[in-house]
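Sequence order for the protein chains is A, B, C and D. Numbered by our numbering, the letters in the first sequence go through residues 1 to 255 in order. Numbered by our numbering, the letters in the second sequence go through residues 1001 to 1286 in order. Numbered by our numbering, the letters in the third sequence go through residues 2001 to 2393 in order. Numbered by our numbering, the letters in the fourth sequence go through residues 3001 to 3333 in order. Notes follow once the structure below has been shown.
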Amino acid sequence: MSVMPAELQAINISKQFGGLSALDQVSLTLRPGEVHGLIGPNGSGKTTLLNLLSGYYQPTSGSIKLGDEDLSLASVQRRAAVGVARTFQKPRLLPMLSVLENATLGAWSHSESGFVASAVSLPSVAREDKKFLDQTTELLHGVGLGHVIHRRANLLDHAEQRFLEIARGLAMRPSFILLDEPAGGLTTQEIEHLSQVIHTLRSSGIGVLLVEHHTDFVFRISDRVTTLNVGKMIKHGASDEVRTDPEVIRVYLGA
Amino acid sequence: MLTVIVTGLAIGMLYASIALVYNVMFSTSKVLSVTTGHLSMVGGVFGAYIISVLQMHWLWGLLGAVLAGATFGWLTDVLAIRRVLARSDEHLWLLSTLALATMVQQGVGLWWGTEPKPFPRLITQEFGAGLMDQKFWLPIGMAIVMTIGLEFFYRKTMYGKVFIAMSEDAFAARARGVSTDKIRLLSYVLSGALGGLAGFAAGQLTFAFFALGHTLTLLGFIALAVGGLGSNIGALIGGAALGLLNSFASYYFGGEYQQTIAVGLLMVVLLIKPEGLLGAKNVRPV
Amino acid sequence: MLRLTKLAVRLSLATALVVSATSTIAADTIKIGWLSSLTGALSSAAIAENQGVQLAVDEINKSGGILGRQIELLTRDTAGDPTKAVNFAQQLAFSDKVHFVIGPVNSGEGLAAVPILARAGVPNLVIGAIDELIDPVKYPRAFRVINTNRQWISTANDYAIKVLKKSKVAVIADTSGYGTASAKTAIEMLEKAGIKPVYSVLVDNNKTDLTDEMNKARAAGADVVMPWTAATGMLGRLLNARGEIGWNVPVVGHPAIMAAQIRQLLNKPEYWQNAYAAGYVSTTFSADGKLPERTQQLVDKIRPKLGGGEIDILFWWVAMGYDTVKIIEHAIKTAGSTDAAALQKVLENTRDYRGVYATYSWSTTERNGFPDSNMAVNQANTFKDGSFKLAPR
Amino acid sequence: MNSQTTKVLSLLVGAILIATLPFWAGDQYQLHLAALIAVYWILIAGLNLVVGFTGQLSIGHVGLLSIGSYTFAILAGKMGVDPTLSVFVSGLLGGLCGLALGLPSLRLPGFYFAMATMAFSMIVNEIVLAQVDLTGGGIGLPGPMFPKPFDSPIGFYYLVTAIALFVTWLTWNIARRMWGRAFISIRDNPVAAQAVGVPVFKAKLLAFVFSGITAGVSGAVFASLQSYITPDTFVFELSMFFFVCIIIGGRGSIIGPFLGTVVLTALPELVSPLAKLGNFFYGLLLLVVVLVVPEGIGRMFEIISERLRPRIVHREPITPDLNRLAKALKGHE
C-alpha cells in the first residue's frame, strides 16, 4: 500500500442535547492496524462519540476528519462509502433473511449494479453478486459462523448475532470498524474468540475502535486506550499506562 | 360571502374535533389510528338512527352516539392496538386499524344503507334560519367545548396528568406503577366518546352517511398535520384553515376540486414545516 | 427441505379453485340474467324494478312457464360498480349461458356491460336511459324498453318552455355517468330551441348542501331549475335548499323528483310544491282519478306483495320490470325457441306490443321501443300508489 | 431431491398450468377471470416491491391504475394511437406520476405516507370526474381492443400473461440480489440500512417509480379487458384489494402475494355472498392475518410444519477460522 493510510480523527468534538453537554472538547485518533480502546462508566459519552464518528449525530463544535476529508457533516451512508463500519450495542439485523444474506448486505457500497441492470439481470450483476456471496461466505467461516450460514437470522442466539454484525461490517471492506460493546453478554470463551478476531483485523490493517466497559478485556487487547468521564477525556495513552493511572482507577472504583 | 365563512368554519370545526381525537389517542399510544374518522361517522349514524328511526328524544340520541363511539374506541384498542403494540413492527398497527376501519365502514354501509340520510333537527328551530342555523353552530360550539374540556382534563384531573406522563415517557410512567395498558384503553374509550360526540354535533352538516369514515380520517388528519401533531390549539387552527379553504374554493371554483385543494394545503405545509405549525420536533433516532 | 413441494401443492390448489366453477347443467329451463344494482348509491330504481320482474316470473312459472319450460331468474347484484357488472355479464353470458339479460339499471354499468353482452350475442333488454347504450349495428341484440334520455329531457323542456313559458333555465346534474350525459344532452336540446341556459353545474350526488348552487342559479336570473339526476337524496336536498332560501322557482326534471323517498327527505312537506317531472301516461291519473285499466290491474296484483298498504315506490319502475319479462315471454313464444337470432328477428318485427308501462315498437333500424306518445308531465306532490296527476296545462 | 430441483420442478409445473390454462379452463368467463388475475398481478408484482419488500404502506395505487387506464383509453381509443405504443406511454406516465407522488411523500413517516397515497387516489378520481371533455367524466371511455392476434379472449390472455411473467421476472431479479436485500433492510431495520450505506430515500423512490410503471401498464391492459372504464370502476376497494393480497400472501416473497392475488380474485367471483360483503371481507381477512400470522399465509404453512415436527436446533459453539478470515480480509485489497 503505497500511500500512508489515512487516520480517522475526532478533533475537539463537543455535543450538546438541549442543555445537557454529552461531550466536551474530546479528541481521538484512530490509526489503521491499531486497536484503540474507549472506556468510561455509563453515561460518560462513549456511545455519543461513536455515533458522532459514524454519522448518526452532527457535532455541536469540533470536526471529524478521515485523512484530509472533513466528515463532520457527512451522512452515515457517505461514511460507509469511505470505509467506516460500525456495530450496535443491540445487534440490528434483518430477522427474515439468512445469515449469509444479512452479511452480504454489507457489500452494498461496493456494488455497481444499478436498479435497471439488476432488474434485467445483466451478467455483470450475476457475477458481482456471486463474488460478494463467496467473499461473505469466507468472512462468515472466518468469524466462526460457518455452521449457521443458511439459518434465518431470528433463530440465532445472542453471541451469533454479535459475530454476524461484525461479519456484515467486514463485508463493507472497511478501513475502520467501530465496535459498540461487542463483549456484552458473551461467555469468557466467546470473548477469547472475539479478541482473536480483533487481532486478525488489526494485523490485516483495519483500525478498530473498541467501546467497552469490560475494562480488563480492553486493556488486554488494546494498543492505546482513551478514558472518558462525564463527557470529558481524563486519560489517553498506551494500554498499561492508562491501566495504572490513579485518576482512571478513582473513576472506576468510585470515590 | 358570510355564509361561505360560516359553513367553512362549521365543517372546519368538525375536522378540528377529529384532530383533537387523534391527539388524545396519539398521546398514550404513539399511534395515529385510521379509525379516528370512523368514530365520528358512527356517532352521526347511531344518533340519527336513535332519533329518526326509533323516534326517541335527542338526548338519547346523544347518549347513543357517545356510547357507540366509546365502544368503537374500546374495540379499536382491544382488537387493533393492544396485541400489535406488543410487537415493535411500526407498520402493524397501521394495517390493523385500516382493517378495522374498513370493516366498520362497510358494516355500517350494509346496515344503514349506502345513501346519505338526513340528520334530525336537535333544537326546534325554523329551517330558514340562514346563518344562525344550528347546523353551523353545534359543531363550532362542540369543538370549543372539547378543547376547553381537554385542557381542563389534562391540567386539573389526576387521569389527565397520567395521560401527559405517559405521552412524555411511557417507560418512566410504567416504572412508577402506571398500568399503561389500562390508561391507553381509557384514552381510546375517551377518544371514541369524543369522536362520537363530534359526529353527532356535525350530523346536520354531514348527514348520516357510511362513506364519511375514510373522508373524515383523511381530512381530520390534514387538520392535525397542518396544525401540528400533539397540539390541541394547532388542531383548531388546522381545522379552521382547512374548512375555510374548502368552502372558499368550492364557492369560487366549483365543488369538483375539494379534495385536491385540501391535500394541496397538506403537501405545502408538510414541505415547509413537516412538524406542522405548532407540532413538537421529534427526538433522536438512535 | 420439502418447502418447495408444498409450493407446488399450493399452486395447483389455487388454480383448481378457479376451475371448480362448473355451471349447473339444467338444459330445459329458460335462463334469464337480471343485472340489478340492489345495493350501492342508485339502488332505489333497481329495488322497485325487481318487484315487477319477480312478479312476472312467478306468474309465468305458475301458469306453466313459456313453451312448457320454467323460467330460471339469475339475479346478480352489481352494487352499481361497473367492474362487477362486467364480471357478472361475462359470468351470465359464458358460464351460466343465459338466453336473455335484463339490465344493467344504471348508465355507468350499462356502458360497461352492454358491449360484453353484444359480443357474446346474448339478447339484452336495456333499461338504462342514456343514448350511447343503443346502436343497431354495434349491438344488434340490444333492445331498449325504457324511454330514452332525450324523451325525458324533451318532455321536460317542452313543459318548461311551452307550458310554463320560462326562458332562463338553470341545469343542475350530478357527476355520475347519467348526470354528465343528461346535462350535455339537455343543454344541446335547449340551445336548439333557442334557449341558452343561464347557469349549469355538475354536483357530486353525495354533496350534503346545495344552497350554494341554488344561490348562484338565482343570482344568474334563472326562472326555472331543471335537475338531471337519479339520486333521490340530492333532489331532496335541492328542494330543501330552494325552500330555505325562499325562492319560489318551478323545478322541472328527472322522474326521481316524484320518488316517495323525497317526501321523507324534505324538511317541510310544502317544499314539494311547484315541482314537476317527466312521467308516463301509464302512471297518470285521469281527470276523474282513475288509472289506465292495465296499470290498475298490476297495482292490485302487486299490492299484497308490497305489504298491502299504500305503494310507496315509483310505480313505473315496477311496471317496466314486469314488462321486461313479459316481452321476453312474447319473444320466445313468437319465435318458438330460445335461439338468439330468432329472438332478434321477432323483436325487430314487433309493432305496438301492449305492455303495462308502455306500448312498444322496434324495427331493424330502431332499437328504442318506447313511443313519444306515452310520455307525460306529472305534478310531484300528487303522489298516490306510485302514480301522479297530470301537471297543470 | 434437494431443494433446488423441487423448486425448478414446481415452477415448471406452474408454468405449464398457466400456459395451457385456456384449454382446460371451463369457459370464457374463467378465461376472463384468469386474464383479470394476470392484469392485477402486473400491478401487484410491482407494488410488492414497495409494500412487501420496502415496507412502505401505499394504499393509493388505484389512482396509478386509473391513470394507466385513462391514458390508454384516450391514446388508443380517442386518438387512435397504436395500442402497443399506448401501453408503453401508459407505463411511462404511471412511472412519472409515481415519481410526482413519491418525491414529496416518501420522506414522511408511515402514517403520513399512507394518508398521502390515499389522498392521491381521491385526487385522481376528482380530476377524472372534472375533466369531462378529456376523460368523458361520469360517462367514461371505451377501452379499445388490441390488434389481430390479441383481440380474441385467448390471445388477450396470452398477452397479459406474458407481460405478467416479464414483470415477475424483473421483480425476481431485483428481489434475489443486492437491491432486494437493501429494500428488506429499509423495511426491517432502517438504521442498519443506513449503516451499510443504502441510500434509503433514493431506494424507496426507485421502488415506487417502478411500481408506478407496472401500475400504468396494468391500467392499460385493464382498460382493454374491461372494454369500458368509468370513474366508478376505480374505487378505494381496489387499493385495499391490491394491498391485502401482498400482506396476506406474505411480505418479502413473490410466490406468496401471487397466490394471494389468485385466491382473492377468484374467491369473490365463486362465492357470491362474498362479493356483496366486498370491503368488509378484505378488512376482516387483513385483521385476522395481521393479528394471527403477520408474516402472511404463505409463511403459515412453514410455521405449522415447523410446529408439527420441530427441527432440533443444535447449538454449535462459534469457532473462528482465523487464517481463513485473514485471507478473506487480504483478498479484498
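We put the CB at the ideal spot given by N, CA and C, even for glycine. All of these numbers come straight from a predicted model, not from anything done at the bench.
Chain D within 7 angstroms of residue i, Cβ atoms only
i, result
"B:Thr1260", "yes"
"C:Ala2156", "no"
"C:Pro2115", "yes"
"C:Val2086", "yes"
"C:Thr2180", "yes"
Distance between residue j and residue i (C-alpha atoms, nearest Å)
i, j, result
"C:Lys2333", "C:Asp2300", "26 angstroms"
"A:Val35", "A:Lys130", "32 angstroms"
"B:Leu1218", "D:Val3050", "22 angstroms"
"A:Ile13", "A:Ala126", "44 angstroms"
"A:Ile191", "A:Thr226", "21 angstroms"
"D:Ala3203", "D:Asn3048", "14 angstroms"
"C:Asp2081", "D:Met3178", "42 angstroms"
"C:Ile2302", "C:Tyr2322", "10 angstroms"
"B:Ser1250", "B:Ile1140", "20 angstroms"
"B:Trp1060", "C:Glu2310", "31 angstroms"
"B:Trp1058", "D:Met3240", "37 angstroms"
"D:Leu2968", "C:Thr2180", "With chain D represented from 3001 up to 3333, any question about residue 2968 of chain D goes unanswered, as that position is not in the structure."
"C:Thr2022", "B:Gly1044", "With a pLDDT of only 43 at C:Thr2022, under 50, the local geometry of the prediction cannot be trusted, and the value read off the model is given with reservation. C-alpha separation (whole angstroms): 45 angstroms."
"D:Phe3150", "D:Leu3031", "14 angstroms"
"A:His214", "D:Arg3324", "28 angstroms"
"B:Leu1265", "B:Leu1242", "8 angstroms"
"D:Ile3174", "D:Ile3254", "11 angstroms"
Partners in chain B for residue i, counting only beta-carbon separations shorter than 7 angstroms
i, result
"C:Leu2265", "Pro1118"
Status (buried if at least 16 other CB within 10 Å, exposed otherwise) for residue i
i, result
"B:Tyr1015", "buried"
"D:Asp3082", "exposed"
"C:Ser2363", "exposed"
"D:Ile3303", "exposed"
"A:Arg220", "exposed"
"C:Ser1951", "Look at the range of chain C in this structure, 2001 to 2393, and you will see that residue 1951 of chain C is not part of it."
"D:Val3167", "buried"
Cβ of residue i within 7 angstroms of any chain C Cβ
i, result
"D:Gly3138", "yes"
"D:Thr3233", "yes"
"D:Thr3168", "no"
"B:Tyr1251", "yes"
Minimum C-alpha distance to residue i - residue among the options
i, options, result
"C:Met2375", "C:Glu2270, C:Thr2155, C:Leu2210 and C:Asp2288", "C:Thr2155"
"C:Glu2049", "C:Leu2035, C:Lys2062 and C:Glu2059", "C:Leu2035"
"D:Leu3270", "C:Asp2058, C:Ile2127, C:Ser2095 and C:Ser2043", "C:Ser2095"
"B:Gly1109", "B:Ser1096, B:Ala1208, B:Leu1265 and B:Leu1242", "B:Ala1208"
"C:Gln2261", "C:Val2198, C:Ala2380, C:Ile2102 and C:Asp2077", "C:Ala2380"
"B:Leu964", "B:Gly1203, B:Arg1174, B:Gly1160 and B:Gly1177", "An answer regarding residue 964 of chain B cannot be provided, because it is not within the stretch 1001 to 1286 covered by chain B."
"A:Leu194", "D:Leu3322, D:Gly3138 and D:Glu3316", "D:Leu3322"
"D:Met3115", "B:Leu1094, B:Leu1075 and B:Phe1152", "B:Leu1094"
"D:Phe3053", "D:Pro3109, D:Phe3208 and D:Phe3236", "D:Phe3208"
Partners in chain D for residue i, counting only beta-carbon separations shorter than 7 angstroms
i, result
"A:Pro95", "Asp3188"
"B:His1038", "Neighbours of B:His1038 on chain D: none; closest Cβ ~11 angstroms, over 7 angstroms."
"B:Phe1221", "Met3115"
Contact list for residue i against chain D, beta-carbon separation under 9 angstroms
i, result
"A:Met172", "Ala3195, Val3196 and Gly3197"
Minimum Cβ-Cβ distance from residue i to chain A less than 7 angstroms
i, result
"D:Val3351", "As displayed, chain D neither begins before 3001 nor continues past 3333, which places residue 3351 of chain D out of reach and without an answer."
Chain B contact for residue i (CB, 7 angstroms cutoff)
i, result
"C:Thr2208", "yes"
"D:Pro3268", "no"
"D:Ile3123", "yes"
"D:Asn3279", "yes"
"C:Asp1954", "A query on residue 1954 of chain C cannot be resolved here, the shown segment of chain C reaching from 2001 to 2393 and no further."
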